[in-house]
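To start, the structure under review is shown below, and the notes come after it.
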Amino acid sequence: MLYKRDWQNVKGIYEEWWEYELNRPLIQITLPKREGNGSIDSWAFLRYYPNVNEALNRMLSQISDTEFLMEAYPNVWINLGPGSLSAYLGAELKFDEKVNTAWFEGNMSLDNVLKVEFNPENRWWRYTCLAYEAAREMCRNKAIVAFTDLLDPVTVLGQLRGQYPTRLLRDMFLEKQRLRKALIRLQSLFFRYFEESCRLIDVSENGYSTWANIWSGRKHFVLQCDTIVYLSPKMFREIVYPLIVEECDYFERTIWHLDGPLELKHLDDLLSIKNLNCIQWVPGEGNPDCGDDCWIPLYRKIQERGKLIQIPYVPPEKIAHLLSQISPRGVALRTSFRTKEEMERISRELENRFGVEISR
């Protein structure tokens, strides 16, 4: 692969990691080739809408200015915001390029949600198809194409209903039976759009990748549910938990995006799901970063329950200390070096303490 010369070997390392066979941490490191280079624009497909070729050319140019070290790889994420499934089913997609965020606004009744169907003519789905097809061709032998963020049926229902999360939470108490039917409908559509995406990307050649930058040769997706921050453990078990179990049975490899301290009340339930492979921890804005000592007990708990763990955005200077506090086995770390001097200094420390050599 043009921007990852040792990709065939790295794919094998990912397979070992998924199967709990890798006896060292999986480490993803990016480094700008020239000082001052910016990061890869993850919002390119909305920023340059409807010009998919412009978006891809910009991203591939930025990728060409980046070194992907160890298990890092060039990941072209078709990003339409968290919850593209909502847009495919009729919600209005909003994008603010000044602050780089997208959101979805719907105004459907539960009865109307029960009637939604796969719509090949939907404007945003057609744009996604164009993006997948163009990326498949332009990225061949250069980069990996990553799935758009469909999000989860519960939060998508909230986006379709509108005034998220107020109407959704009201439905959970006052319209529980119809809400369950709506979630069953959305779950089936979630799987349908995923399968269509697999065909368009051509996963037999590309494999599976998402916004989380973890590659798999077998059917994989990142699972999440932003809504659970509002739910008690009882309500979570009643409404959300069965959907997650079904998703973990459907996908061969899964990562749960644990998004901030307000989701920790559900961790024990998540860890009890046999077919959930990995927990990704993101502390959230305003909290200590992933490399802070305050999260060590959390990481140990996840490992003790036999789950893989992804720890993104670890400051380079904290990697060695973090790995000395937990088992390096079954861990995936992601970080960025700012300069080659910083890379060389930290590389020596990792090699001396853990026998991990930062390959280039």
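When we follow numbering that gives the first Met the number 0, the leftmost residue of the sequence shown carries the number 0, and every step to the right adds one.
Idealized CB from N, CA, C, for every residue including glycine.
- By the CB criterion at 7 angstroms, Ser335 and Thr29 fall inside the cutoff.
- In this structure Gln176 is exposed. Its beta-carbon is surrounded by fewer than 16 other beta-carbon atoms within 10 angstroms.
- The C-beta separation of Gln309 from Ile213 comes to about 6 angstroms, placing the pair in contact by the 8 angstroms criterion.
- Less than 7 angstroms divides the Cβ of Ile325 from the Cβ of Arg299.
- Beta-bridge annotation (DSSP): Pro31 is paired with Thr65.
- In the three-state DSSP reduction, Thr226 falls in the helix class (H, G or I).
- Contact between Tyr131 and Leu199 holds, with the beta-carbon distance rounding to 4 angstroms and staying under 8 angstroms.
- Here the alpha carbons of Glu120 and Leu297 stand approximately 45 angstroms from one another.
- Between Phe94 and Leu45, the C-beta gap is smaller than 7 angstroms, which places the two residues in contact.
- Nearest in C-alpha terms to Tyr312, of all of Pro24, Cys277 and Cys289, is Cys289.
- Apart from the 5 residues on each side of it in sequence, Tyr72 sits with its Cβ closer than 7 angstroms to the Cβ of Lys3, Trp6, Val9, Ile143 and Trp214 in its chain, given in chain order.
- Along the length of the stretch 179-242, whole beta strand (DSSP E) runs at least 3 residues long occupy 219-222, reported in chain order.
- Of the candidates Gly161, Ala145, Lys233 and Asn111, Lys233 places its Cα closest to the Cα of His265.
- Counting the other CB atoms within 10 Å of its CB gives Arg333 a total of 16 or more, which places it among the buried residues.
- Burial is judged here by how many other beta carbons sit within 10 angstroms of a residue's own beta carbon; Tyr19 has fewer than 16 and is exposed.
- Going by beta carbons, Val228 and Leu185 fall outside the 7 angstroms limit.
- If only complete runs of 4 or more residues are kept, the stretch 278-350 shows the alpha helix (DSSP H) at 295-303 and 318-324, in order along the chain.
- Note on geometry: alpha-carbon atoms of Asn22 and Leu222 lie some 26 angstroms from one another.
- Within the same chain, Tyr87 and Asn118 come within 7 angstroms of Trp124 by CB-CB distance, once the 5 residues on both sides are set aside.
- Taking 7 angstroms as the cut-off, the beta carbon of Ile12 is found closer than this to the beta carbon of Glu70.
- Excluding residues up to 5 positions away in sequence, Val144, Leu199, Ile200, Asp201 and Asn205 lie with their Cβ nearer than 8 angstroms to the Cβ of Arg135 in the same chain.
- Ile278 has its alpha-carbon roughly 7 angstroms from the corresponding atom of Ile301.
- Here the alpha carbon of Trp76 sits roughly 7 angstroms from the alpha carbon of Thr147.
- Each residue's CA atom was taken as its position, placing Pro49 and Gly354 some 47 angstroms apart.
- In this model, Lys180 and Cys128 are separated by some 28 angstroms (Cα to Cα).
- A Cβ-Cβ distance of about 5 angstroms is found for the pair Leu182 and Pro152, placing them in contact under the 8 angstroms criterion.
- Residue burial annotation: Lys32 is exposed, with fewer than 16 other C-beta atoms found within 10 angstroms of its C-beta.
- Beta-bridge pairing by DSSP links Arg23 to no other residue.
- Separation of the CB atoms of Glu356 and Glu350 is rounded to 5 angstroms, and the pair is thereby assigned contact status at 8 angstroms.
- One thing to note: Ile39 has its Cβ within 7 angstroms of the Cβ of Gln61.
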